[in-house]
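I have placed the structure first, in the form of structure tokens, so that the comments after it can refer back to it.
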Amino acid sequence: MMLAAIENLGSITLSHYIFTSALLFVIGLIGFVTRRNMIVMFLCTELMFQGAAIAMIAFGRFHLNASGQVFVIFILTVAAAEAALALALVVLLYRRRETLSAEVWSELKE
Amino acid sequence: MASSIFYLACVLGIATAALYLLVRPGPRALKLGATVVGLGALGWLVQQFVGMLGGDDPSDRPGVIFFIFSLIAVASAVRMITHSRPIYSALYFVMVVLSSAGLFLLLEAEFMAFALVIVYAGAILITYLFVLMLAQQTPGEDGTVQSPEYDRIPREPAAGVAVGFVMLALLSEMIFSGVSTELEAPPVAEAEVAAWQELEQMPGRLNAEILKAEPDFQLPPLANPQTDQLIRIDDPGDDQVAYVVGLLADSREPARVELPDSAMPQNIQRVGWALVHQYPASLELAGVILLMAMFGAVVLAQRQIELSDEEKLEAARAHQSARDAANGGGA
Numbered sequence: 013m014m015l016a017a018i019e020n021l022g023s024i025t026l027s028h029y030i031f032t033s034a035l036l037f038v039i040g041l042i043g044f045v046t047r048r049n050m051i052v053m054f055l056c057t058e059l060m061f062q063g064a065a066i067a068m069i070a071f072g073r074f075h076l077n078a079s080g081q082v083f084v085i086f087i088l089t090v091a092a093a094e095a096a097l098a099l100a101l102v103v104l105l106y107r108r109r110e111t112l113s114a115e116v117w118s119e120l121k122e
Numbered sequence: 008m009a010s011s012i013f014y015l016a017c018v019l020g021i022a023t024a025a026l027y028l029l030v031r032p033g034p035r036a037l038k039l040g041a042t043v044v045g046l047g048a049l050g051w052l053v054q055q056f057v058g059m060l061g062g063d064d065p066s067d068r069p070g071v072i073f074f075i076f077s078l079i080a081v082a083s084a085v086r087m088i089t090h091s092r093p094i095y096s097a098l099y100f101v102m103v104v105l106s107s108a109g110l111f112l113l114l115e116a117e118f119m120a121f122a123l124v125i126v127y128a129g130a131i132l133i134t135y136l137f138v139l140m141l142a143q144q145t146p147g148e149d150g151t152v153q154s155p156e157y158d159r160i161p162r163e164p165a166a167g168v169a170v171g172f173v174m175l176a177l178l179s180e181m182i183f184s185g186v187s188t189e190l191e192a193p194p195v196a197e198a199e200v201a202a203w204q205e206l207e208q209m210p211g212r213l214n215a216e217i218l219k220a221e222p223d224f225q226l227p228p229l230a231n232p233q234t235d236q237l238i239r240i241d242d243p244g245d246d247q248v249a250y251v252v253g254l255l256a257d258s259r260e261p262a263r264v265e266l267p268d269s270a271m272p273q274n275i276q277r278v279g280w281a282l283v284h285q286y287p288a289s290l291e292l293a294g295v296i297l298l299m300a301m302f303g304a305v306v307l308a309q310r311q312i313e314l315s316d317e318e319k320l321e322a323a324r325a326h327q328s329a330r331d332a333a334n335g336g337g338a
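Each protein sequence line maps, in turn, to chains U and V.
Be aware that the first sequence starts at 13, since it is given in the numbering used here, and climbs by one per residue.
Be aware that the second sequence starts at 8, since it is given in the numbering used here, and climbs by one per residue.
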């Protein structure tokens, strides 16, 4: 049933966009799990945000509703706030141990 | 049909295996092979999805552009999580942002596309690059920068990629068994009708537009404000006309005022209206979040690191040896 649906796709449908966004999200997830550099881990969360944003915009366009784009504005806000705080923390941690490895900080008690 | 699902599963599995080889450290030839296999799998997916690349119909062109943009996005995302130098990861993420801005343009979200490029690629990514440069490794003995071990060797690549594969399988099962496979983008005419209906929710603007066209026009009171439509659409199609029926103030004659095309709310106006009309509390909350993030970053950055005497000595020694190495390499 699934592939029958794919074979019938004459034009771009909503699922094309959602599949792209799912791919980006999953790649970001894999990156977050496998990378050990703290900054790259945060970059991977931004990649997941990106996937979510594409899904939002696509839903908004296909249902003729501007709310999807409004949610992307909020995603941008959260991403900016996250970047500011997370990078400040990373700089602080780097100054203490001179390394960006996440494993060095597996325990945060001090 | 069952075999088609089998094929898709196989291709996704092959792509996942290729991704595993790319994530894992290994010889160059193996990575090259994995890249070729991964691109082949992606190409198969695209070929399955397209099926209409040969069509002469110009209305198919957005489809081709869609595939180009999403291929660039996915390929640079893969390169981003597999590159061993964080700076290059960040630059590949810029590619992802640019190509998804292209997708936004295809989805007629112009404002968000440019906001994405300005805010993400222009501000957030530059902050990342600054921090990456602040935290850069000092060059080694021979003056070359060697990526540290935590950048070259991933953590649990097999488990991570397996989790990703399962998640992607579940997601695509959901996506392709739902209604969204048949949901095509509504035609332009329908989108315009929706835009006119939104103008109706902006009484001030509607009044201004009407008075511009007909100075002494009176809007009729609606018998049932919940269901009645003020703006009516003539000839719903490619060249539709939106008009309002009411009375002229002095002669009490019925009159019909056609609204100019410029009165139709554009994308950015509709987004702004939805933002302040439907989600005012969230807008305030977003402002508070940004303010708190700013305070937090300032407080965190102000904090002094207290180093003990040995640590200071150690840092000074490392600094000195790095400088000696640099001087020695120059001479």
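Cβ atoms here follow ideal geometry from the backbone N, Cα and C, with glycine treated the same way.
All figures in this text were calculated on a predicted structure; none of them were measured in a lab.
Item to check | Closer than 8 Å to chain U by CB, G45(V) | outcome: no
Item to check | Partner residues on chain U for R310(V), Cβ-Cβ distance less than 8 Å | outcome: L104
Checklist entry - What residues are listed by DSSP as bridge partners for E191(V)? => result T25(U)
Checklist entry - Is I42(U) near G167(V), with beta carbons less than 8 Å apart? => result yes
Checklist entry - Considering only residues of the same chain and omitting the five flanking positions on each side of C56(U), which have a CB-CB separation below 7 Å? => result G40, G43, F44, R47
Item to check | Beta-ladder partner(s) of Q143(V), from DSSP | outcome: Its beta-bridge partners do not exist; DSSP assigns none.
Checklist entry - Between the stretch 120-135 of chain V and chain U, which residues of the former have CB atoms less than 8 Å from a CB of the latter, in chain order? => result A122, L123, V126, Y127, A130, I131, T134, Y135
Checklist entry - For chain U, is any of its Cβ atoms less than 8 Å away from the one on R162(V)? => result yes
Checklist entry - Cβ atoms of Y135(V) and I51(U): under 8 Å apart, would you say? => result yes
Checklist entry - Can we count M50(U) as close to the ligand GTP, meaning its CB is less than 7 Å from some heavy atom? => result Questions concerning the ligand GTP fall outside what the structure shown contains, since it holds no ligand whatsoever.
Checklist entry - Given that a residue counts as buried once 16 or more other Cβ atoms are within 10 Å of its Cβ, and exposed if not, what is G129(V)? => result exposed
Item to check | Contact set between Q285(V) and chain U, taken where Cβ atoms lie within less than 9 Å | outcome: A78, S79, V82
Checklist entry - Contact between the stretch 168-176 of chain V and the stretch 23-40 of chain V: three or more CB pairs below 8 Å? => result yes
Checklist entry - Assuming A93(U) contacts I296(V) under a Cβ cut-off of 8 Å, what Cβ separation, rounded to an integer in Å, is found between them? => result 5 Å
Checklist entry - Would G253(V) count as contacting chain U if we go by Cβ distances under 8 Å? => result no
Checklist entry - Roughly how many angstroms separate the alpha carbons of M53(U) and I79(V), rounded to a whole number? => result 21 Å
Checklist entry - Helix or strand or just coil, what does DSSP make of A96(U)? => result helix
Item to check | For V278(V) and A78(U), believed in contact at Cβ under 8 Å, the rounded distance | outcome: 5 Å
Checklist entry - Got a sec: is the Cβ-Cβ distance from T46(U) to anything in chain V below 8 Å? => result yes
Checklist entry - Residues in the stretch 284-303 of chain V with C-beta within 8 Å of chain U's C-beta atoms, listed in sequence order? => result Q285, Y286, S289, A293, I296, L297, M299, A300, M301, G303
Next on the checklist: On the criterion of 16 or more Cβ atoms from any shown chain inside 10 Å, does N214(V) qualify as buried, or is it exposed?
Outcome noted: exposed
Checklist entry - If we cut at 8 Å on Cβ distances, does R73(U) have a partner in chain V? => result yes
Checklist entry - Closest to R92(V) by CA distance: which of S328(V), M140(V), W51(V), F121(V) is it? => result M140(V)
Next on the checklist: I'd like the list of long-range same chain contacts for Y27(V), defined as Cβ closer than 7 Å, with 5 residues on each side in sequence excluded.
Outcome noted: P164, A165, V168
Item to check | Within chain U, the residues that S107(V) reaches when beta carbons sit closer than 8 Å | outcome: L36, Q62, A65, I66
Checklist entry - Rounded to a whole number of angstroms, what is the C-alpha to C-alpha distance between P261(V) and D223(V)? => result 12 Å
Checklist entry - With C-beta atoms as the reference, is G109(V) less than 8 Å away from F76(V)? => result yes
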